[in-house]
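**Student:** Shown below is the structure under consideration.
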Amino acid sequence: MKIVHRNLVPRGPGSVKMIPEEADDLWAAYNLISEDDYVLAVTVRKVLREVASGGRDAERVKLKLEIKVEAVEYDKDGAILRIRGKNVLENEHVKIGAFHTLEIELHRPFVLRKDVWDSMSLDMLHQAADPTASADLAVIIMQEGLAHIMLIGKSVTLTRSRIEVSIPRKHGPAIAGYETALKKFFENVLQAFLKHVDFKVVRCAVIASPGFTKDQFHRHLLLEAERKQLRSIIENKSRIVLVHTTSGYKHSVREVLDAPNVMSMIKDTKAAQEVRALEEFFNMLSNDPDRACYGPKHVEVAHERMAIQTLLITDELFRSANVMTRKKYNKFVSSVKASGGNAHLFSSMHVSGEQLAQLTGIAAVLRFPLPDLDDLEM
Amino acid sequence: MSRKANYGYDYDDDYEDFDEYEDYEYDDDHDSAEQGEAATITQETVKPGIWSCFICTYDNHESLTYCEICGVLRIPPSNNGSNIDKKSGGTGAPAGFTEKNAATTAQSSARETDGTIASKGGSIPVEENSFTSTSDVFRNIDVVECSPNSRRSDSFSTRKSNFKDNVGETVASKGRTRPLEEKSSTSTSDILRNIDVVEGLPSSGRSDIYSTKKSSFKDNMGESTSFSNGGKLESVSNGLENMSLNRKPESSTSMRPKKSLAQYKPENWMLPVKESNLKTQLNLAIVGHVDSGKSTLSGRLLHLLGQISQKQMHKFEKEAKQQGKGSFAYAWALDESAEERERGITMTVAVAYFDTKNYHVVVLDSPGHKDFVPNMISGATQADAAVLVIDASVGAYETGMDSAGGQSREHAQLIRNFGVDHIIVAINKMDAVAYSEERFDLIKQQVGSFLRRCGFKESCVSWIPVSAMQNQNLVAPASDVHLNSWYKGPHLLDAIDHLQPPRRDYEKPVLMPICDVVKTHAMGQVSVCGKLEAGALRSGLKVLVMPLGDVATVRSIECNSRPCTIARAGQNVAVVLQGIDLTHVKAGGVLCHPDFPVRVASHLELKVLVLDVKIPILIGSQVEFHIHHAKEAARVVKIVSLLDPKTGKETKKAPRHLLAKQSAIIEVALQGDVCVEDFSIYKAIGRVFLRQSGRTIAVGVVNQVLEDHK
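Sequence lines, in order, name chains A and B.
Per this note's numbering, the first sequence starts with residue 21, numbered consecutively.
Per this note's numbering, the second sequence starts with residue 171, numbered consecutively.
Next up, the structure:
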């Protein structure tokens, strides 16, 4: 995210002009824009005009509109943010109060005006503008017959491609069928790899799989690159890392981010921090279940007793349409921080965030055991 | 002919609709029909709510007051609304009265059928009034079924057997019945006109015809032509309101109502012949920790039993030596892919065959490496019995039994949950410990107590010290003096031979989880491999390929690379299917009876036993879900309750997490659909395995399918 200019008072009103530069930024904007904020952007609107002859003429007019936000929608695949609301800027074509939907695409500047820039949104803005926090990893996670190609950014994991091929098992003379099927599968993955992985953007590409599939594919990749003179691969040979995972499903991305050789590369990125925090939580849960809790009620009670050391919370909770709940969680996070705890805001577009979301979206590692939490109704 | 094919499909569909009403009665009807008595008339029958249009003879639903086809008003108007979809109890009408009606029916139908026969140029004598409507209808069918010239004997029972014969000789009757299909519909309408005549009378006479027809058709079920032939009749006669002749077959399969298993009747050919001298097939999984010598043991057995020729063996030995892996020569018989040979480990389950005195054994040589446990699960779920190979050498045994990640342990737990009761523990590499008895006893004691905890009965476990490399105690008693001095038990082959024969579900409708799909070169054909879990298959049979629900025809069946005519439950076969797209058949799918489709779901309630896990299972835990040959990513959506491991009673509701060794009821949501059935209905496709980060965290069964996918 590029911040063009900002004019705001912390915990007060103000506006920020920004330009989203990658898919991640749109996600950040999506989380930043909440109901009743104002967004100003250039847009195109079909305008109906009465013609002298009595007929009507439709014309597409490019104009600048500011709308009061009523709903925000994030399109992951199209990399588009749709903001629906009522117009507040007087215009010769559009009346005040007329509904309009702004489409924010990459590289399109917009101005966000909020009545209150709270600490959470400032944090988010700060993070979005920080280029070093981005992981920018391409991950090919595969097992025999199944592969996912994913791009991991700051706060978004995008599944770019999913390849599924049925591979027959070995059967005496039919062994050739197995080999051709495997080869075809690798070829498909290779094509997808070339299409989606741009070494100018990603720091490194990780090939992950259980067993030897990754080695087989790696070999295939290099051989093919040699044969077809694929420069992008030959030049970036050293940036391809192999990691062992236990399956080829998407949730094994966690293991990829956790692997020491990948971890060293993405140590201080947000994605890695999230993974580590979640890992810590799970470890605590298995070793000392009384010192870990999840679910809003349990976490709240734990906080009342000042027991929270690390709070894990997904951005989904902040996005809730209800202003009251949003404020509540906002306050919650700042009060945890005030009492000396850590708070990790998980992106629900990452695997770790997805997993946290399934654990009700909020969890905490406690300072001291609270065995009586179990007795509380969830 | 495409139109005819449509008829066939439609028939399938309607046939079941009809059956829904008739299911209970069917047995009775069948019996009495067999006795050749007119007693059927007084049988309690079910009358589907239909009325026949007197202009076009179309069967309309009871609730309609005009004909759906020609728009003619119904005469007389519906006044017996109470009859809709209800059974008209046998007590509803006095027997005498019914008989009278029946006689009337008989007369009129005799008249009508007469006409039909005449039009066919047949020479069958006119029916006498003394005949009941039952026989009348039968005669009608008889004519259709056999040939116009076939002599109808007066005795009902002989006709009956006539039918049976027809069932047997598929091809013959096919040829003859084909040209008659057109006519069969004419005769159908004749019957219907009969019904029309009786319309004004109480309904029992009418329903009678249904029931008898029903029983006769049931007999013909097995063969496709007479099937559709009869089906034409049936579909016209029952004609539920949603019947339309050009409905697509796809839609008919998806709308197919599910019947309860109790309704299924196996046909004679499906049941095994008792005195046949065919050996029972035994699916034997070879499992154990990595490098315990599973493939070598299997290879050695195959070689000793003459399944691998000397020449081949020589080739393996030479090649293995060239790669510097001389000791892997036997394993190469099973590890065929270049990758496996290069690395010297098995990666996928290999299938091989050999014969013992009592059994025809299918060896499922599974991979031991922990990364390939998913392959082991999907390849070896079909096992009836297992050989657990344990490496006796110092260090190797200990890692195999290590609770943190020993595959000897994991495999034992898995195969227990495959439904395997009998296990042979082959303690391999005894040569490495100088055939020491102490070592054998130590392993036996430790592994024994573990197996007991897994749920294996002591009497079902046999212990055999072997050495695959030195050929000790495999197919002949040990020759080594030291081993001989203390071990007096059976050798490995003997032990395999003395395994209890597994119980098979011959009586259930056909069910075969697809283990593997192989593309055949011939167009439009797909070959699928797997173990028939229930029922039987033979060429020409129609099967439903789930989860997509396409109908395919069995073209041929192969059993151990040899063609065979009939495959029954328990056999490991390759089935060549025709009339289905390759992309619609997937490993992990299921072949089943068109009338008894398995369920396809993505939301299940499971009863699980948590194994030794470090991280507890939480709500939201992401797991890999394995069921028969299918695997899918899943997550735990709900932990319903905690169960007492001994009594199975609920001890705690909605616990926060599940720890090791707890059993519980949980709900999981899968990312994709799988073919599944409650464990109580079909054991083979009701067993599940949950894995996480490369370890099996829980094993269990499907308690309940929560949501069906349409």
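All residues carry an ideal CB built from backbone N, CA and C; glycine is no exception.
In this structure, does DSSP put F387(B) in helix, strand or coil?
**Tutor:** Because F387(B) carries a pLDDT of 44, less than 50, the predicted location of this residue cannot be relied on, and no value is offered for it.
**Student:** Interface residues of chain B around G360(A) at Cβ under 7 angstroms?
**Tutor:** Within 7 angstroms Cβ-Cβ: nothing; G360(A) doesn't reach chain B, min ~26 angstroms.
**Student:** Answer with buried or exposed for V715(B), where buried requires no fewer than 16 other C-beta atoms within 10 angstroms of its C-beta.
**Tutor:** It is buried - the Cβ of V715(B) has at least 16 other Cβ atoms within 10 Å.
**Student:** If you follow the alpha helix (DSSP H) that N307(A) is in, where does it begin and where does it stop?
**Tutor:** Start and end: 290 to 307.
**Student:** Beta-carbon of E275(A) versus every beta-carbon of chain B: anything under 8 angstroms?
**Tutor:** Output row for E275(A): interface = yes.
**Student:** Using 8 angstroms as the threshold, is the stretch 479 to 487 of chain B in touch with the stretch 559 to 567 of chain B, meaning 3 or more CB pairs across them?
**Tutor:** No, because fewer than three Cβ pairs between the stretch 479 to 487 of chain B and the stretch 559 to 567 of chain B fall closer than 8 angstroms, the two stretches do not touch.
**Student:** What does the alpha-carbon distance come out to for the pair T817(B) and I836(B)?
**Tutor:** Distance between the alpha carbons of T817(B) and I836(B) is about 18 angstroms.
**Student:** Can you give the beta carbon distance from V108(A) to K88(A), rounded, assuming they're within the 8 angstroms contact cut?
**Tutor:** That belief holds up - the Cβ atoms of V108(A) and K88(A) are roughly 5 angstroms apart, short of 8 angstroms.
**Student:** Quick one: is F119(A) buried, meaning 16 or more other Cβ sit within 10 Å of its Cβ, or exposed?
**Tutor:** Per the 10 Å Cβ criterion, exposed.
**Student:** With a cut-off of 8 angstroms on the beta carbons, I'd call I889(B) and F302(A) a contact; round off their distance for me.
**Tutor:** Residue 889(B) is absent from the model: chain B starts at 171 and stops at 880.
**Student:** What does the Cβ neighbour count give for L776(B), buried or exposed, with the cut at 16 atoms within 10 Å?
**Tutor:** Answer is buried; the Cβ neighbour count reaches 16.
**Student:** Using the rule of at least 16 other Cβ atoms within 10 Å of the residue's Cβ for burial, across every protein chain shown, is I254(A) buried or exposed?
**Tutor:** Flag for I254(A) reads exposed.
**Student:** Can the beta-carbon of E41(A) be found closer than 8 angstroms to that of L126(A)?
**Tutor:** Yes, Cβ-Cβ distance for E41(A) and L126(A) is below 8 angstroms.
**Student:** When you compare the CB positions of M326(A) and S359(A), do they come within less than 8 angstroms of one another, or not?
**Tutor:** Yes.
**Student:** Do L584(B) and V869(B) count as a contact pair if the criterion is CB distance below 8 angstroms?
**Tutor:** Yes.
**Student:** Any idea what DSSP makes of E93(A), helix, strand or coil?
**Tutor:** The answer is strand: DSSP assigns E93(A) an E or B state.
**Student:** Please state whether DSSP places I254(A) in a helix, a strand or coil.
**Tutor:** DSSP places I254(A) in helix when its eight states are reduced to three.
**Student:** Hey, is F366(A)'s beta-carbon within less than 8 angstroms of any beta-carbon in chain B?
**Tutor:** By this cut-off, F366(A) is not an interface position.
**Student:** Excluding the five sequence neighbours on either side, which residues of its own chain have a C-beta within less than 8 angstroms of the C-beta of V114(A), listed in chain order?
**Tutor:** Around V114(A): R65, V67, L83, L85, N107, H120.
**Student:** Measuring straight from C-alpha to C-alpha, what distance separates E753(B) and Q378(A)?
**Tutor:** Residue 753(B) is actually Thr in this sequence, not Glu. Spanning the two alpha carbons is a distance of roughly 33 angstroms.
**Student:** Between the C-alpha atoms of A522(B) and L475(B), what's the straight-line distance to the nearest angstrom?
**Tutor:** Cα-Cα distance, rounded: 12 angstroms.
**Student:** Which value, in whole angstroms, describes the spacing of the CA atoms of L295(A) and L142(A)?
**Tutor:** One point to set straight first is that residue 295(A) is Val, not Leu, in the sequence displayed. Roughly 23 angstroms separates the two Cα atoms.
**Student:** Any residues in the stretch 819 to 834 of chain B with a beta carbon nearer than 9 angstroms to a beta carbon of chain A? Which ones, in chain order?
**Tutor:** Those residues of the stretch 819 to 834 of chain B that come within reach of chain A (Cβ to Cβ, closer than 9 angstroms) are A824, P825, R826, H827, L829.
**Student:** Between W137(A), T334(A), E246(A), H370(A), which has its C-alpha nearest K445(A)'s C-alpha?
**Tutor:** Any answer about residue 445(A) is impossible in this case: the structure gives chain A only from 21 up to 398.
**Student:** Would you check if the stretch 825 to 834 of chain B and the stretch 568 to 579 of chain B touch, i.e. whether three or more CB-CB distances between them fall below 8 angstroms?
**Tutor:** As far as the Cβ criterion goes, the stretch 568 to 579 of chain B does not touch the stretch 825 to 834 of chain B, which means the pair count is below three.
**Student:** One question on the structure: do V263(A) and A279(A) come within less than 8 angstroms of each other, judged by their Cβ atoms?
**Tutor:** Yes; because the gap between Cβ atoms is below 8 angstroms, this pair is in contact.
**Student:** Determine, for S414(A), whether the minimum Cβ-Cβ distance to residues of chain B falls below 8 angstroms.
**Tutor:** The shown model of chain A, from 21 to 398, leaves out residue 414(A), and the question about it has no answer.
**Student:** Would you kindly work out how many angstroms separate the C-alpha atoms of R363(B) and R769(B), rounded to a whole number?
**Tutor:** Low confidence applies to R363(B): its pLDDT is 45, below 50, so where it sits in the model is not reliable, and the reading given next is rough at best. Approximately 40 angstroms, taken between the alpha carbons.
**Student:** Mapping DSSP to helix, strand and coil, what is E506(B)?
**Tutor:** DSSP places E506(B) in coil when its eight states are reduced to three.
**Student:** Within a Cβ cutoff of 7 angstroms, which residues of the same chain sit near A91(A), ignoring the five residues on either side of it in sequence?
**Tutor:** Hits under 7 angstroms: R104.
**Student:** Tell me which residue opens and which closes the beta strand (DSSP E) that N742(B) is part of.
**Tutor:** Taken as a continuous stretch (DSSP letters only), the beta strand (DSSP E) holding N742(B) covers 742 to 748.
**Student:** Quick check on the DSSP output: what are the complete beta strand (DSSP E) runs of length 3 or more inside the stretch 695 to 778 of chain B, in order along the chain?
**Tutor:** DSSP runs (the beta strand (DSSP E)) wholly in the stretch 695 to 778 of chain B: 695 to 701, 706 to 708, 712 to 716, 720 to 729, 732 to 734, 736 to 738, 742 to 748, 760 to 762.
**Student:** From L829(B) to I787(B), what does the alpha carbon distance come to, in whole angstroms?
**Tutor:** So the alpha carbons of these two residues sit roughly 7 angstroms apart.
**Student:** How about M639(B): is its C-beta nearer than 8 angstroms to some C-beta of chain A?
**Tutor:** No - not a single Cβ of chain A is within 8 angstroms of the one on M639(B).
**Student:** Does DSSP put A212(A) in a helix, a strand or coil?
**Tutor:** Three-state result, A212(A): helix.
**Student:** Report yes or no: is there a C-beta of chain A within less than 8 angstroms of the C-beta of M517(B)?
**Tutor:** So, interface residue.
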